[in-house]
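Notes follow the structure.
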Amino acid sequence: MKNLLIADAGSTKIDWAYLSPDGGVRRFQTEGLNALLASGDDMARVLGAVRELLPRAQVDQVYYYGAGCASQAICGKIRQALCGTLSTEDVFVASDLLGAARALLGHEPGIACILGTGSNSCLYDGTEIIMNIPPMGFILGDEGSGASLGKRLLGDIAKTIAPEHIRELFIRRFALTVPDILDRVYRLAAPNRFLAAMVPFISDNIHDPYMTALVRREFSDFLSRNVLLYPGAKEMPVHFTGSIARVFRDILREAAASAALSVGTILAAPMPGLITYHTQSKK
107 MKNLLIADAG STKIDWAYLS PDGGVRRFQT EGLNALLASG DDMARVLGAV RELLPRAQVD
167 QVYYYGAGCA SQAICGKIRQ ALCGTLSTED VFVASDLLGA ARALLGHEPG IACILGTGSN
227 SCLYDGTEII MNIPPMGFIL GDEGSGASLG KRLLGDIAKT IAPEHIRELF IRRFALTVPD
287 ILDRVYRLAA PNRFLAAMVP FISDNIHDPY MTALVRREFS DFLSRNVLLY PGAKEMPVHF
347 TGSIARVFRD ILREAAASAA LSVGTILAAP MPGLITYHTQ SKK
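With this note's numbering applied, the sequence shown corresponds to residues 107 to 389, in that order.
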């Protein structure tokens, strides 16, 4: 076995695992990176941190599964940066969705979903993604994601749709005015991360009927606008990874049952499954 570096790259954070031939596994994290939105400086900063965390390690092979890796051109940009930083040409770059599918399903076919800062889903044949309903990002889609949950909450707060006690709790915790929210979403960097930062507040108040209904509605939208569009969706378990799926797993199962869907595995993060996939792979 070669010295292998695996990355599960989300918009908020990147999980890395360095696997050595003697079976050793070193796990670490860096800040996140969305390949679609990241600048050259963003990539240099993140990959520089990786090199510092692996100062003497030889990297023979890299598998990078990343948010925003939506085209060959984008994957090529990430691959070039990794090759230059880690001094290896054996670099595989693909979407975080393929990483999720491999982590959740291994070599078995099925439906794999991500519910994290963003959301995504696919129909997987055991090797590759054969169908993907485009998530469309947090402005046009990403139903059920942390960013979409935050967007719905902030809209309800600003429009006074949320109950008064929820609005009071929100103001006490964040001290954000409507102009502050507009500035963070429309003018400053990483608005999706800002929106997803509302999730701990939602989680802390999840037993409130308003908050439970908000999360259930987001999950119902995700399932109806994404998962149910795959052929045979009701005939196979649907698998999930991501912090949102894990934290709100009970509500997710309820929403799935209401849509006549069966939930299979729910993983907080793909990395354990990816380590298994790449150390026990048929390939």
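Just so you know, even glycine gets a beta-carbon here, dropped at the ideal spot from N, CA and C.
- Of the residues assessed, residue 292 falls on the exposed side of the cut-off, its CB having fewer than 16 other CB atoms within 10 angstroms.
- Per DSSP, residue 216 is one residue of the beta strand (DSSP E) stretching across 216-221.
- Judged by beta-carbon spacing, residue 236 lies within the 7 Å limit of residue 229, meaning their Cβ atoms are closer than that value.
- As DSSP reads the structure, residue 168 sits in a beta bridge with 111 and 197.
- Out of 289, 195 and 200, the CA that lies nearest to the CA of residue 177 is found in 200.
- The segment 359-367 and the segment 274-287 do not touch, with fewer than 3 CB-CB distances between them shorter than 8 Å.
- DSSP places residue 191 in no beta strand (DSSP E) but in the uninterrupted alpha helix (DSSP H) bounded by 178-192.
- As the crow flies, the alpha-carbon of residue 211 is around 44 Å from that of residue 270.
- Within the DSSP bridge table, the entry for residue 124 names 111 and 132 as partners.
- About 5 Å separates the beta carbon of residue 116 from that of residue 173, a gap short enough to meet the 8 Å contact definition.
- For residue 183, the closest alpha carbon among the candidates 381, 145 and 126 is that of 145.
- In the displayed model, residue 383 falls within a helix according to three-state DSSP.
- For the beta strand (DSSP E) assignment, the uninterrupted runs of no fewer than 3 residues enclosed by the segment 314-364 are, from N- to C-terminal side, 344-347.
- In the structure shown, residue 138 adopts coil according to DSSP, grouped into three states.
- In the three-state reduction of the DSSP assignment, residue 154 falls in the helix class, which pools H, G and I.
- The beta carbon of residue 167 sits closer than 6 Å to the beta carbons of 108, 110 and 196 from its chain, once the five residues preceding and following it are set aside; these are given in chain order.
- Per DSSP, the continuous alpha helix (DSSP H) segment holding residue 298 begins and ends at 297-302.
- Cβ-Cβ distances below 7 Å link residue 258 to 320 and 324 in the same chain, with the five nearest sequence neighbours on each side left out; the list follows chain order.
- With fewer than 16 neighbouring CB atoms inside 10 Å of its own CB, residue 337 falls in the exposed class.
- Only residues of its own chain outside the window of five on either side were considered, and among them 215 have a CB closer than 7 Å to the CB of residue 231, listed in chain order.
- When the beta-carbon positions are compared, residue 157 and residue 191 come within less than 7 Å of each other.
- Judged by DSSP in its simplified three-state form, residue 372 adopts strand.
- For residue 312, the closest C-alpha among the options 335, 131, 326 and 255 is that of 255.
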